[in-house]
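Undergrad:
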Amino acid sequence: MQGSTIDSANVVELEHSDDATIAHTAEHHSEHPDLRVFGLLVFLGSEGMLFMGLFAAYLTFRAVAPAWPPEGTPKLETLLPAINTVILVSSSFVIHQADHAIKKDDIKAVRWWFLATFLMGATFLAGQVYEYMHLEFGLTSSLFASTFYVLTGFHGFHVFVGLTLIAIMGIKSFKPGAFLGGKHFGIEAASIYWHFVDVIWIVLFLMLYIL
């Protein structure tokens, strides 16, 4: 009987210990909030600085060149890039709907919005490849040609990374319980990254094709 009493006391003590541990863990998390979104923003800030450096180089080359583009450089077509711009900018509104849907735990809607965004982004990349195939100048044709390919290619790489992220999150959404109960970081990260890609392209489009 005495042994049973001791065992019961130990069980009660362990239960109180577990409760205390859980409470301590919850308190620890409340004192240390999730900074992953902040970390993502810092990363995108550094990526933005890389693009700013490329923008500054392009504008400097343009300012000091006697003629820009150099004489004899075929004029860039604007119709396809304009269509591509509309598609990419529209996809930013589409992926925003996925971010809105996950806050309601509507995972099915997230999948459809992500699929639509992926297809729009893939269409943009396909349009860019088509443009490359039909340009009448190559990477080393002139300073203008080199900066054009570097700027659009670097951005295209970021679009590819964004599509990969969207695809991974879309596949992960089929995992039971994924992104539910407030676990939205993956969806938010993909959405924020995609908005960044869209903003960079707007600047590029205006700088390369319009101004």
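Mapped onto the working numbering, the consecutive letters of the sequence shown carry residue numbers 924 to 1134.
Yeah, the Cβ is synthetic: ideal placement off N, Cα and C, and Gly gets one too.
Computed from a predicted model, the values in this text were never measured in an experiment.
Buried or exposed, going by whether 16 or more other CB atoms sit within 10 Å of the CB of I1094?
TA: It counts as exposed.
Undergrad: Which residues in the same chain as I1089 place their Cβ atom closer than 8 Å to its Cβ, once the five residues preceding and following it in sequence are excluded?
TA: Excluding positions up to five away in sequence, the list reads I1018, F1037, T1040, F1041, G1044, A1113 and W1117.
Undergrad: Might you give, ordered along the chain, the residues of its own chain that have their beta carbon closer than 7 Å to the beta carbon of F1067, omitting 5 neighbours on each side?
TA: Contacts found: W991, P992, P993 and T996.
Undergrad: Ends of the alpha helix (DSSP H) at Y1053?
TA: That run of the alpha helix (DSSP H) goes I1030 to H1057.
Undergrad: Of the residues G971, P1004, G968 and A988, which one's Cα is nearest the Cα of I1133?
TA: Of the listed residues, the one whose Cα sits closest to I1133 is P1004.
Undergrad: Spatial neighbours of A1101 within its chain, please: C-beta separation below 7 Å, excluding the five flanking residues on both sides.
TA: These residues qualify, in order along the chain: K1095.
Undergrad: How far does the alpha helix (DSSP H) with M1092 in it extend, from its first residue to its last?
TA: Its alpha helix (DSSP H) spans residues L1066 to K1095.
Undergrad: State yes or no: is the C-beta of L1103 within less than 8 Å of the C-beta of D1022?
TA: Not a contact, by the Cβ cut-off of 8 Å.
Undergrad: If you draw a straight line from the alpha carbon of S1013 to that of I1006, how long is it in whole angstroms?
TA: Answer to the nearest angstrom: the Cα atoms are 11 Å apart.
Undergrad: Just reading off the alpha helix (DSSP H) that G962 is part of, what are its end residues?
TA: Here the alpha helix (DSSP H) through G962 covers R959 to V987.
Undergrad: For L1002, is the classification buried or exposed, using 16 other Cβ atoms within 10 angstroms of its Cβ as the cut-off for buried?
TA: The residue is exposed, with fewer than 16 neighbouring Cβ atoms inside 10 Å.
Undergrad: Taking the alpha-carbon of F1083 as reference, which of G1061, D1121, F966 and P1099 has the nearest alpha-carbon?
TA: Out of G1061, D1121, F966 and P1099, D1121 has the C-alpha closest to the C-alpha of F1083.
Undergrad: Less than 6 Å between C-beta atoms, sequence neighbours within five positions excluded: which residues of the same chain meet that for F974?
TA: Correct list, in chain order: I1123.
Undergrad: Around the Cβ of L1086, are there at least 16 other Cβ atoms within 10 angstroms (buried) or fewer (exposed)?
TA: L1086 should be labelled buried.
Undergrad: Go to T1008, then tell me how far its alpha helix (DSSP H) extends in each direction, as first and last residue.
TA: Residues L1002 to I1025.
Undergrad: Where does G1109 fall in DSSP's three states?
TA: Helix, per DSSP.
Undergrad: What three-state label does DSSP hand M991 in the structure shown?
TA: In the sequence on display, residue 991 carries Trp and not Met. W991: coil per DSSP, three-state reduction.
Undergrad: Is it right to say M972 is buried, meaning 16 or more other beta carbons lie within 10 angstroms of its own, or is it exposed?
TA: It is exposed - the Cβ of M972 has fewer than 16 other Cβ atoms within 10 Å.
Undergrad: Nearest by alpha-carbon distance to L967: which of I1115, L1127, M1130 and L1129 is it?
TA: The option with the nearest alpha carbon to L967 is I1115.
Undergrad: Going by other Cβ atoms of all chains shown within 10 Å of its Cβ, with 16 needed for buried, is S1015 buried or exposed?
TA: So S1015 ends up on the buried side.
Undergrad: Within its chain, find whatever has a CB closer than 7 Å to the CB of E1111; leave out the 5 residues flanking it on each side and keep chain order.
TA: Contacts found: V960 and D1022.
Undergrad: Please look up how many angstroms separate the CB atoms of F1108 and L977, rounded, as I've assumed it's under 8 Å.
TA: No, F1108 and L977 are not in contact; Cβ-Cβ is about 29 Å, not under 8 Å.
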